[in-house]
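Enquirer: These protein sequences, in sequence, are chains A and B.
Residue numbers for the first sequence follow numbering that gives the first Met the number 0, so the first one is 0 and each next one is one higher.
Residue numbers for the second sequence follow numbering that gives the first Met the number 0, so the first one is 0 and each next one is one higher.
Virtual Cβ for every residue (Gly too), placed ideally from N, Cα, C.
One structure follows; several queries about it will come next.
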Amino acid sequence: MKILPMPRPVIPLANPDTQPFWDGCAREELLLQRCSVCHAYRHPPSPICPNCLSDQCEWIRASGRGTVYTFVVVRQALRRAWQDMVPYVVAVIELDEGPHFLTNLVDVSPEAVTIGMPVEVVFAELDGTTMLPLFRPLEAAGTKP
Amino acid sequence: MSSISGRYAIVGVGESDVGQQLGRTGMALHLEACKRALTDAGLQKGAVDGLLTRAASSVPQANYSAVLAGRLGIQPTYISDVALSGASSASMILTAVAALEAGFCTTVLCVNGDAQTARANRRGHVTSWIEDFESPFGMLGAPITYGLPARRHMYEYGTTSEQFGAIAVACRKHASLNPNATFRTPITLADHQASRLVVDPYRLLDICPLTDGAGAVIITSAERARDLAQPPVYVLGMGQQNTHSDVQYAPSMTTIAMRGASRQAYAMAKLGPKDIDVAELYDCFTSVVLVTLEDYGFCEKGEGGAFVEGGRIELGGELPVNTGGGLLSQAHASGFLHITEAATQMRGAAGARQVIGAETAIVSGQCGATGINACLILGKDAN
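Here's what the structure looks like:
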């Protein structure tokens, strides 16, 4: 079982559209944009709402909880730099607020992952400045609902 | 748009040699396919006044269609780079017919393919803005982006790895009958199940290998086609749809771009799934064929797994699929060999793998983890 496998060969680079998201991660907060007009949540960050095209939005701290929508287990590294990471789980989380979120599942054996499993966000430090939002089973935090 | 059904035809077909480590550039393979298509059509290169292509990733090049025109020594009145990954091949046919209809040109050469194993030639890659939300999580390639919806299909409909395997077995069986295929040794379902998990749920034999190869066709008006060397293969229907770019954010992972693209194509051709004799379906992964069969209307949503079992998609079955071997066993060529194979089947010239009496073929080109699809319906007759 892998616990927060780090470091990683790729770190995200913020741009003006995504800066608030990564700033939130640095504070260990998962932020989502919510449209100020139609109130739809959205992810990944975008300058306009894909529902009503408004450019007015608020950054809301999400619950950080959701369920596994689908996942794969990468058993063979697709790039050499990731060889030490395998096996790892790439998963799509359906956040409680609605949007889907691509991430890794950690603190869990790949064989134990199932679709529908309740999960929560956990932040992992990448390089001293960047925090990466990963997810783990709710049970792992001792907060089983 | 239905008025153009049957008014344009494929009159020349060319495939480059295919394989691995051929030691040739993507452009060399393109040129070989072009020459063979011209020879096949009985046309001089000067007759070509339209050129549609896409730069091979092994030889990145801006304005590639202009570069290729220079290498062919032609001065077309219409060129374009059609850069839609796996959907680019079928989209070239749509674009060719549109350009012909618009009067931009009279004879269009379409060519696509790559030298995927020529790694040393790779100089760079194009990234999407979304990469910051993918690469740090190790989402690094197509087996992952396609594996996510494959797993979801298994969850929603009970689809099994063995059903994916039936597709790999069919493609390999067909490749064994195709002299221009890379992988010709037949495999069994047991071989598929014994192959290692690469990106679970995908096993090695669910994934198309990197290969070198290219294909080309020449399209002109039906009227002009009647005077040329080969029996014309008519473009009866075409359609394209885009449902998503990044599969993780797609509204549905299992009902996808194939549906809208095929509905347009069927409507133009005035045909339905029951009228189709051969299907050449983009198969970068086995599961993609399965969902395409569903969304192209050959079975109900969720029944693709049962549909591919029992030899139904093999030669001699109800709907032979990927009769040339497909990306899984013939060569990748960005799906262009699905078009050359469909045209060859319509000519009745496919030799040992000919579907007897085949008069209609459907072709799928897709990319973007099933989010972009281009559908073609080709026919032996103009309808």
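Of all the alpha helix (DSSP H) runs that stay within the bounds of the region 63-126 of chain A, which reach a length of 4 or more residues?
Expert: The region 63-126 of chain A contains no whole alpha helix (DSSP H) run of 4 or more residues.
Enquirer: With distances taken Cα to Cα, identify the nearest neighbour of G370 (chain B) among B:R195, B:D80, B:A141 and B:L28.
Expert: Checked all of B:R195, B:D80, B:A141 and B:L28; the closest Cα to G370 (chain B) is B:A141.
Enquirer: Which residue marks the beginning of the beta strand (DSSP E) containing S220 (chain B), and which one marks its end?
Expert: Its beta strand (DSSP E) spans residues D211 to S220.
Enquirer: Does DSSP put C374 (chain B) in a helix, in a strand, or in coil?
Expert: Here C374 (chain B) sits in strand by DSSP.
Enquirer: Measuring CA to CA, which of B:L83, B:K379 and B:T52 is closest to Q344 (chain B)?
Expert: Here the closest residue by C-alpha is B:K379.
Enquirer: Helix, strand or coil for C33 (chain B) per DSSP?
Expert: The answer is helix: DSSP assigns C33 (chain B) an H, G or I state.
Enquirer: For I143 (chain B), would you say it is in contact with chain A, using Cβ-to-Cβ distances shorter than 9 Å as the test?
Expert: Answer yes: the Cβ-Cβ gap between I143 (chain B) and chain A drops below 9 Å somewhere.
Enquirer: Does F390 (chain B) have its Cβ less than 9 Å from a Cβ in chain A?
Expert: The structure shown does not extend to residue 390 (chain B), since chain B is modelled only from 0 to 382, so the question has no answer here.
Enquirer: Report all residues from its chain with a CB closer than 7 Å to the CB of R7 (chain A); omit the five preceding and five following residues, and keep chain order.
Expert: Contacts found: L125.
Enquirer: Check whether chain B comes within 9 Å of L52 (chain A), counting only Cβ atoms and requiring the distance to be less than that.
Expert: By this cut-off, L52 (chain A) is not an interface position.
Enquirer: At a cut of 8 Å, does the region 268-287 of chain B reach the region 325-332 of chain B through at least three beta carbon pairs?
Expert: Because the criterion of three Cβ pairs below 8 Å is met, the region 268-287 of chain B and the region 325-332 of chain B touch.
Enquirer: Which residues of chain A have a Cβ atom closer than 7 Å to the Cβ of E293 (chain B), listed in chain order?
Expert: None at all; the shortest Cβ gap to chain A is about 17 Å.
Enquirer: Here's the rule I'm using: 16 or more other beta-carbon atoms within 10 Å means buried, otherwise exposed. How should T126 (chain B) be labelled?
Expert: Any reading at T126 (chain B) needs caution, since the residue's pLDDT is 48, under 50, leaving its predicted position unreliable; the model's value is listed next. T126 (chain B) should be labelled exposed.
Enquirer: When the cut-off is 9 Å and only beta carbons count, does V287 (chain B) lie next to chain A?
Expert: No, no contact with chain A.
Enquirer: Do V58 (chain B) and G25 (chain B) have their beta-carbon atoms positioned less than 9 Å apart in this structure?
Expert: Yes.
Enquirer: Within 10 Å of its beta-carbon, does R122 (chain B) have 16 or more other beta-carbons around it, so buried, or fewer, so exposed?
Expert: A caution first: R122 (chain B) carries a pLDDT of 41, below 50, which makes its placement in the model too unreliable to give a value.
Enquirer: Say whether chain B places a C-beta atom closer than 9 Å to the C-beta of R74 (chain A).
Expert: Yes, its Cβ sits closer than 9 Å to a Cβ of chain B.
Enquirer: Can you tell me whether DSSP reads F297 (chain B) as helix, strand or coil?
Expert: In this structure, F297 (chain B) counts as coil in the three-state DSSP scheme.
Enquirer: Check whether the Cβ atoms of A89 (chain B) and I338 (chain B) lie closer than 9 Å to each other.
Expert: Against a cut-off of 9 Å, the Cβ pair of I338 (chain B) and A89 (chain B) comes out as a contact.
Enquirer: By Cβ distance, which residues of its chain are closer than 6 Å to E317 (chain B), with the 5 residues on each side in sequence left out?
Expert: For E317 (chain B), where only same-chain residues beyond five positions count, the Cβ hits under 6 Å are R311.
Enquirer: Could you check how far apart the C-beta atoms of S333 (chain B) and S87 (chain B) are, in whole angstroms? I think they sit under 8 Å.
Expert: Confirmed, about 6 Å.
Enquirer: DSSP three-state call for A8 (chain B): helix, strand or coil?
Expert: Strand at A8 (chain B).
Enquirer: Exposed or buried, K143 (chain A), counting other C-beta atoms within 10 Å across all chains shown (16 or more means buried)?
Expert: Confidence at K143 (chain A) is low in this model, with a pLDDT of 41, below 50, so its placement is unreliable and no value can be given for it.
Enquirer: Here's the rule: buried if 16 or more other CB atoms are within 10 angstroms of the residue's CB, otherwise exposed. What is L314 (chain B)?
Expert: Classification of L314 (chain B): buried, given that the 10 Å Cβ count is 16 or more.
Enquirer: On the three-state DSSP scale, how would you describe Y281 (chain B)?
Expert: Three-state result, Y281 (chain B): coil.
Enquirer: Does the region 132-146 of chain B come within contact of the region 69-88 of chain A, defined as at least 3 CB pairs closer than 8 Å?
Expert: Yes, they touch.
Enquirer: Using a Cβ cut-off of 9 Å (strictly closer), state whether Y248 (chain B) contacts chain A.
Expert: Answer yes: the Cβ-Cβ gap between Y248 (chain B) and chain A drops below 9 Å somewhere.
Enquirer: Just to confirm the assignment, what range does the beta strand (DSSP E) spanning R60 (chain A) have?
Expert: Unbroken beta strand (DSSP E) run through R60 (chain A): C56 to R60.
Enquirer: What does W81 (chain A) reach in chain B if we use C-beta pairs closer than 9 Å?
Expert: What W81 (chain A) touches in chain B: G137 and L139.
Enquirer: When you compare the region 94-113 of chain B with the region 346-355 of chain B, are there three or more beta-carbon pairs, one atom per stretch, that lie closer than 8 Å?
Expert: No: the two stretches stay apart, fewer than three of their Cβ pairs being nearer than 8 Å.
Enquirer: Could you tell me whether the Cβ atoms of L375 (chain B) and V288 (chain B) are closer together than 9 Å?
Expert: Cβ distance not < 9 Å, so L375 (chain B) and V288 (chain B) don't count as in contact.
Enquirer: Taking C-alpha atoms, which residue in B:A46, B:S56 and B:T94 lies nearest to I73 (chain B)?
Expert: It is B:A46 whose Cα lies nearest to the Cα of I73 (chain B).
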